[in-house]
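K.L.:
As you go down the protein sequences, you meet chains A and B in turn. Counting in the working numbering, the first sequence runs without a single skipped number right up to 80 at its last residue. Counting in the working numbering, the second sequence runs without a single skipped number right up to 742 at its last residue. Yeah, the Cβ is synthetic: ideal placement off N, Cα and C, and Gly gets one too. Pasting in a structure now, in C-alpha cells, and then I'll have a few things to ask.
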Amino acid sequence: MVENTVHALGICQNYMPGQQATLGGNFASMAVSQVAEQLGIPAHAIWFYAVGGKRVPPDYRLSPGEELTIHSPVDGG
Amino acid sequence: MPYGIQDRILRVNLSTGAVSCESPGELFYRKYIGGRGLVAYYLWHEVPPQADPLGPENKLIFAVGPLTGTSFLGSGRNSVGAKSPLTGAYSDAEAGGFWGAELKRAGYDALIIEGQSDKPVYLWIKDDQVEIRDAAHLWGQKTAPVEKQIQKELGDERIRVAQIGPGGENGVAFANICNDLTHFYGRGGLGAVMGSKKLRAIAIRGQRPPVIAHPERLQALVRWYAENWESMNKSSYEYGTTSVVMSLNASGGLPTRNFQEGSFEGAANISHTAINEKYLIDREGCWACPIRCKRVVQAHERYNVDPIYGGPEYETLASLGSCCGIDDLEAVMKGNELCAAYALDTISTGVTIAWAMEAYTRGILTAEELDGLELNFGNGAGLVALIEKIAYREGVGDLLAQGSKKAALQVGKNSIEFAMEGKGQEIPMHEPRLKSALSIGYAVSPTGADHCHAFHDTTLVSEGPFLENMRAIGVRQPLPLSDLSSDKVYNTKQITNWRYFSNMAEICNFMSWTPVQLEEALRAVTGWNISIHEIMDATERVATLCRLFNLREGFTARDDYLKKRFFEPLASLNGHALDKETFDSALTTYYEMMGWSAEGVPTFGTLARLGLDKLPGAVHV
Ligand code: SF4
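Laid out in C-alpha cells, this is it:
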C-alpha cells in the first residue's frame with residue numbers, strides 16, 4: 004500500500020498528533036476535510052487544502068501516494 | 122512614581138552636542154501610550170513642515186512602549202520614526218531583538234536625535250551617562266565588524282547596538298536600521314536619515330528596569346503563555362514565517378515577477394523545507410520570548426552565506442525570490458546577507474530590482490544601462506550584484522537607490538505603471554487581489570504600503586477563537602476574502618487600529634495574546650484603569666495624527682492610491698481583479714468611519730473627540 008503524506012502548515016501544525024509538521028498514513032479515498040478532522044485539526048485553523056501543490060476543495064478524495072498540505076490562514080508580520 | 126513607563130525622554134543634538142532629558146508626565150503616556158504614539162507626537166510637534174528628510178531639521182525618534190523590557194512575553198520591541206526620504210511622508214518602523222528593552226532599562230521611553238554631526242559619530246548610553254564618540258574608524262564597514270568593535274572598545278559584550286550600514290551612510294532611500302545585526306527597522310529609509318546625521322550607531326547598556334505596578338498579575342499572564350506557547354506557536358519555532366511561501370503559492374497569491382503573476386514554478390526551491398533541510402543551522406529570538414522564530418542559515422557552495430547575519434524570513438524569500446523570479450535559494454540567502462550587512466530593506470530592494478527586471482524585459486532599460494547585466498527575471502547573480510551597487514550607489518545602483526518610484530520617474534517611458542509602490546514605498550509580499558482588505562490598508566497607511574500596519578482578511582474568513590477574541594475590539598463577523606463591503610471596511614478599520622496598539626504598547630504580532638489579555642497586561646504594568654475602549658481611542662488619535670502630518674506635508678486623498686496592476690486580472694486567482702469602483706467606494710467608507718471627509722481630511726468633531734482640536738496648524742473640515 005502506498006502511503007499518503009500529510010503536511011500541516013502554520014497553526015494547523017499545533018493540532019497534529021505530536022505537533023508534527025508532517026506525517027504519513029493511509030488516507031486513500033478519504034475526503035481531505037475528513038483527513039483533517041481525523042487528525043484533530045479544527046475547521047477554523049484551516050484556510051484551504053492543496054494536493055501536489057494545487058488547491059483542492061474540501062471534498063477532494065485522496066488517491067494512494069498523494070501528498071496533502073493543509074494550509075492555515077496567512078497573516079502578515 | 123509612574124509604573125511601567127520611565128517618564129524620561131532623552132534628547133541628543135548632534136549639531137551642538139547638547140544632551141538633555143525631560144519628563145512629559147503620566148497623562149501624556151495615557152494619551153499616546155508609547156512607541157508609534159510617541160513618534161507621531163514628536164514628529165508632528167518638532168519637525169517643521171517641508172523639512173528636508175535628510176537635513177538637520179528632521180528628527181530621528183526611537184521609542185519604546187510601556188510593555189517593552191518587562192517580563193511580558195513578546196515585549197522586546199520598539200519603534201523608530203522620522204520623515205521618510207523614500208516617501209516624504211510620516212514614517213515609522215518596528216523591530217524586535219534586545220535593543221529596545223535595553224533603552225527602556227537604561228531609563229528612557231524615547232531617544233530623540235536632533236541636528237546633524239559634521240563627522241561620523243556613535244552614541245554610548247549607559248543609564249545617565251551619554252557620550253557622543255568618534256566613529257570615523259567604523260564608517261564604511263559592514264554591520265557585523267562594527268558591532269564587534271563597539272563592544273570591544275566599550276569593554277562589554279552585553280552592550281546592545283542599533284546601527285546603520287553603508288546603505289544608510291550613502292543615503293540609499295530604503296536603507297534601514299538594524300539592532301543586534303538581525304533585527305530590522307525595515308521600512309521607509311530611516312537608515313538614510315540616521316546616515317544624514319552622520320550617526321553610525323547607538324550602543325546601550327541599561328540597569329534600571331521599569332517598576333511594575335502589579336507584578337503578580339503580570340506574572341500570571343507570563344506563566345500562562347510560557348506553559349502554553351508550544352501548543353500555540355510550534356510552527357513559528359520550526360519554520361518562522363518561511364512556510365508562507367508555499368501557502369501563498371498554492372493560494373495563487375504569491376507575488377511573482379513583479380506582481381505580474383501569483384504563483385511561482387520555483388516556489389518549492391525557496392520554501393521552508395528547502396531552508397530547513399540544507400541551510401538552517403540555528404534559531405534566534407528576542408527579549409522575553411521563548412519562540413525563537415528567527416532563522417540562522419549558512420551556505421558554502423555557489424555563495425558563502427555568513428550565519429552572523431541570520432537568515433531570510435518570508436518577506437525576503439518572496440521579495441528577493443519569487444518577485445524577482447529567482448528560485449536559486451543560495452542567491453536569495455546571499456542577497457539577504459548583503460541587505461543585512463549593508464542595512465537595506467529587503468522588501469524595497471527586491472521590488473525595486475523587480476521593477477528594473479521588468480523594465481529590462483520590456484526593453485526600457487538596456488544591458489548597457491544596467492552596467493552590462495542581462496537583467497532577466499530569474500537572474501540570481503544579477504540580484505546579488507545589484508545589491509552591492511545599490512549600497513554603494515555605483516553605476517545603475519545610484520538610480521535604483523532612490524527606490525522604484527523615483528527611479529521610474531527618472532527613466533520615464535511609462536515605467537511608473539509597473540513601479541509597485543504606494544506613496545513611494547514598495548508593496549510588501551501580500552497580494553491585495555487575494556486579500557482585498559489590503560487594498561485599503563496599503564492605500565491609507567501613512568507610511569506607504571505596509572503589511573504590518575494592515576488587516577489580512579485570511580485571518581477572519583470563518584468563525585473561531587481568533588474572531589471571537591477580536592470581537593472585544595468590535596470585529597463583527599467573518600467575511601470572504603474578496604469582500605470589500607462596508608462590513609469588511611469596518612473590520613479593516615478596527616484591526617488596523619488594533620495594529621497601531623501593538624506598535625504603541627510594543628508587542629510582537631506573532632504572539633497569540635488576545636486583546637483582553639493585552640488590556641490586562643497594560644493595566645498590570647502601568648497600574649492604569651485603562652479599558653479597550655480607551656486604548657482604541659488612543660490608536661485612532663495616533664492614526665489621525667499621522668494623517669495630519671501627511672496633510673501638512675501636502676499629501677491628499679489622491680495619494681491613497683493602489684497601482685493599476687491590481688485592477689487587472691490575476692490568472693492564478695482565476696482571473697480575479699480588484700474592482701476600481703468598489704475600491705473607491707470602500708476607501709470613502711473608510712474615511713467616513715475614521716471621521717474624515719471625502720477628501721480624507723479629519724472633521725473638527727473628529728479632532729475634538731480625540732483631543733487633537735487644539736493642535737496648532739492641524740487642518741480639518
Ligand atoms: S515570535 Fe519571533 S519575532 Fe516575535 S518576539 Fe518571539 S522571536 Fe521575536
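I need the DSSP call for B:F219, collapsed to helix, strand or coil.
P.N.:
The residue you call residue 219 of chain B lines up with position 98 of the second sequence. Of the three classes helix, strand and coil, the one that applies to B:F219 here is coil, per DSSP.
K.L.:
Tell me, which residues are paired with A:G28 by DSSP?
P.N.:
The count along the first sequence starts at 1 and reaches residue 28 of chain A at position 25. A:N7.
K.L.:
Counting pairs of beta carbons, one from the region 248-257 of chain B and one from the region 420-433 of chain B, are three or more of them closer than 8 Å?
P.N.:
No, because fewer than three Cβ pairs between the region 248-257 of chain B and the region 420-433 of chain B fall closer than 8 Å, the two stretches do not touch.
K.L.:
For B:A227, does the count of other Cβ atoms within 10 angstroms reach 16, so buried, or fall short, so exposed?
P.N.:
Position 106 of the second sequence, counting from 1, holds the residue named residue 227 of chain B. Per the 10 Å Cβ criterion, buried.
K.L.:
How many angstroms separate the CA atom of B:Y306 from the CA atom of B:R404?
P.N.:
Against the second sequence, residue 306 of chain B aligns to sequence position 185. Against the second sequence, residue 404 of chain B aligns to sequence position 283. So the alpha carbons of these two residues sit roughly 20 Å apart.
K.L.:
When you measure from the CB of B:G217 to every non-hydrogen atom of the ligand SF4, does any distance come out below 6 Å?
P.N.:
One-based indexing of the second sequence puts residue 217 of chain B at position 96. Answer for B:G217: yes, Cβ within range of the ligand SF4.
K.L.:
Please name the residue, chosen from B:G432, B:M478, B:E337, that lies closest to B:G456 on a Cα-to-Cα basis.
P.N.:
Within the second sequence, numbered from 1, the residue matching residue 456 of chain B stands at position 335. Selected option, being the one with the closest Cα: B:G432.
K.L.:
Within the present structure, is the beta-carbon of B:F631 separated from the nearest heavy atom of the ligand SF4 by less than 6 Å?
P.N.:
Walking along the second sequence from the start, residue 631 of chain B turns up at place 510. The answer is yes for B:F631.
K.L.:
Taking only the alpha-carbon atoms, compute the straight-line gap between B:V168 and B:T709 and give it to the nearest angstrom.
P.N.:
Sequence index remark: in the second sequence, residue 168 of chain B carries index 47 (1-based). Sequence index remark: in the second sequence, residue 709 of chain B carries index 588 (1-based). Looking at the two C-alpha atoms, the distance is approximately 29 Å.
K.L.:
Give the straight-line distance between the Cα atoms of B:V293 and B:G518, rounded to the nearest whole angstrom.
P.N.:
Against the second sequence, residue 293 of chain B aligns to sequence position 172. Against the second sequence, residue 518 of chain B aligns to sequence position 397. Distance between the alpha carbons of B:V293 and B:G518: 9 Å.
K.L.:
Does any residue of chain A have a CB that is nearer than 7 Å to the CB of B:A371?
P.N.:
The count along the second sequence starts at 1 and reaches residue 371 of chain B at position 250. Closer than 7 Å to some Cβ of chain A, the Cβ of B:A371 qualifies, so yes.
K.L.:
Which first and last residues belong to the alpha helix (DSSP H) in which B:I396 is found?
P.N.:
In the second sequence, the residue the question calls residue 396 of chain B occupies position 275. Start and end: 393-399.
K.L.:
With a cut-off of 7 Å, does the C-beta of A:N17 fall near any C-beta of chain B?
P.N.:
Working through the first sequence from its first residue, we reach residue 17 of chain A at position 14. Yes - at least one Cβ of chain B is within 7 Å of the one on A:N17.
K.L.:
Does B:R416 pass the burial test, meaning 16 or more other C-beta atoms within 10 Å, or should it be called exposed?
P.N.:
For the purposes of this step, residue 416 of chain B is identified with residue 295 of the second sequence, where counting begins at 1. Label assigned to B:R416: buried.
K.L.:
Please confirm whether any heavy atom of the ligand SF4 lies closer than 6 Å to the CB of B:G585.
P.N.:
In the second sequence, the residue the question calls residue 585 of chain B occupies position 464. Outside the cutoff, so no.
K.L.:
Checking contacts by CB at 7 Å: is B:G309 closer than that to chain A?
P.N.:
On the second sequence, position 188 is the one that residue 309 of chain B refers to. Chain A, which has no Cβ nearer than 7 Å to the Cβ of B:G309, makes this no.
K.L.:
Please identify the residue among B:T703, B:E235, B:P567, B:W649 whose C-alpha is closest to the C-alpha of B:A558.
P.N.:
The residue given as residue 558 of chain B occupies position 437 in the second sequence. Looking at the Cα atoms, B:T703 is the closest of the given residues.
K.L.:
Find the nearest neighbour of B:M591 within the set B:R132, B:C573, B:G569, B:Y611, judged by alpha-carbon distance.
P.N.:
In the second sequence, counting from the first residue as 1, residue 591 of chain B sits at position 470. When each option's Cα is compared against that of B:M591, the closest is B:Y611.
K.L.:
Would you mind giving the Cβ-Cβ distance between B:V365 and A:V77, rounded to the nearest angstrom? I have them listed as a contact below 8 Å.
P.N.:
Taking the second sequence and counting its residues from 1, the one referred to as residue 365 of chain B is at position 244. Taking the first sequence and counting its residues from 1, the one referred to as residue 77 of chain A is at position 74. Contact flag correct, Cβ pair sits at about 5 Å.
K.L.:
If I follow the unbroken alpha helix (DSSP H) through B:D705, where does it start and stop?
P.N.:
Numbered from 1 along the second sequence, position 584 holds the residue referred to as residue 705 of chain B. Where B:D705 is concerned, the enclosing alpha helix (DSSP H) stretches over 701-715.
K.L.:
Does DSSP put B:V722 in a helix, a strand or coil?
P.N.:
The residue given as residue 722 of chain B occupies position 601 in the second sequence. DSSP places B:V722 in coil when its eight states are reduced to three.
K.L.:
Return the residue from the list B:V133, B:A139, B:R151, B:G158 that minimises the CA-CA distance to B:E627.
P.N.:
Counted from its first residue, the second sequence places residue 627 of chain B at position 506. Taking only the C-alpha atoms, the option nearest B:E627 is B:G158.
K.L.:
Please identify, using Cβ separations under 9 Å, the residues of the region 26-47 of chain A that lie next to chain B, in order along the chain.
P.N.:
Of all residues in the region 26-47 of chain A, P45, A46, H47 have a Cβ within less than 9 Å of some Cβ in chain B.
K.L.:
Once you ignore the five residues that flank B:G721 on each side, which residues in its own chain have a CB closer than 6 Å to its CB?
P.N.:
Counted from its first residue, the second sequence places residue 721 of chain B at position 600. So the list reads A678, Y712, once near-sequence residues are dropped.
K.L.:
Counting contacts by CB-CB distance shorter than 7 Å, is B:S368 in contact with chain A?
P.N.:
Walking along the second sequence from the start, residue 368 of chain B turns up at place 247. Closer than 7 Å to some Cβ of chain A, the Cβ of B:S368 qualifies, so yes.
K.L.:
Can you pull the chain A neighbours of B:E584, defined as C-beta to C-beta under 9 Å?
P.N.:
Mapped onto the second sequence, residue 584 of chain B falls at position 463. Under the 9 Å cutoff, chain A gives A46, H47.
K.L.:
Just to confirm my understanding: we take B:L602, look at its own chain, exclude 5 residues before and 5 after, and list those with CB closer than 7 Å. What are they?
P.N.:
Counted from its first residue, the second sequence places residue 602 of chain B at position 481. Same-chain partners within the cutoff: L555, K556, S557, D578, T579, V582.
K.L.:
Report yes if the CB atom of B:R423 is closer than 7 Å to the CB atom of B:E451, and no otherwise.
P.N.:
Start at 1 with the first residue of the second sequence, and residue 423 of chain B comes out as number 302. Start at 1 with the first residue of the second sequence, and residue 451 of chain B comes out as number 330. Contact: yes.
K.L.:
Does any C-beta atom of chain A lie closer than 7 Å to the C-beta of B:V472?
P.N.:
Position 351 of the second sequence, counted from the first residue, corresponds to residue 472 of chain B. Judged by the 7 Å Cβ criterion, B:V472 is not in contact with chain A.
K.L.:
Compare the C-beta of B:V365 against all C-beta atoms of chain A and say whether one is closer than 7 Å.
P.N.:
Stepping through the second sequence from its first residue, residue 365 of chain B is reached at position 244. Taking Cβ atoms only, chain A reaches closer than 7 Å to B:V365, which makes this a yes.
K.L.:
Report the neighbours of B:S352 on chain A: residues whose CB is nearer than 8 Å to its CB, in chain order.
P.N.:
Within the second sequence, residue 352 of chain B is the residue found at index 231, counting from 1. Residues of chain A passing the Cβ test: N17, Q22.
K.L.:
Could you pull out every unbroken beta strand (DSSP E) segment of at least 3 residues lying fully inside the region 405-477 of chain B, listed in chain order?
P.N.:
With a minimum length of 3 residues, the continuous beta strand (DSSP E) runs that stay inside the region 405-477 of chain B are 415-418.
K.L.:
Please list, in chain order, the chain B residues whose beta carbon lies closer than 9 Å to that of A:T72.
P.N.:
Along the first sequence, read from residue 1 onward, the residue named residue 72 of chain A stands at position 69. Near A:T72 (Cβ distances below 9 Å), the residues of chain B are M367, S368, A371.
K.L.:
Could you tell me which of B:T303, B:S536, B:R338 sits nearest to B:T473, measuring between CA atoms?
P.N.:
Within the second sequence, numbered from 1, the residue matching residue 473 of chain B stands at position 352. Residue B:S536 is the option with its Cα nearest to B:T473.
K.L.:
Using 7 Å as the limit for Cβ to Cβ distance, is B:S603 near chain A?
P.N.:
One-based indexing of the second sequence puts residue 603 of chain B at position 482. Not one chain A Cβ lies under 7 Å of B:S603.
K.L.:
Run the proximity test for B:C410: is its beta-carbon closer than 6 Å to any non-hydrogen atom belonging to the ligand SF4?
P.N.:
As a first step, residue 410 of chain B must be located in the second sequence, where it is residue number 289. Yes, the Cβ of B:C410 comes within 6 Å of a heavy atom of the ligand SF4.
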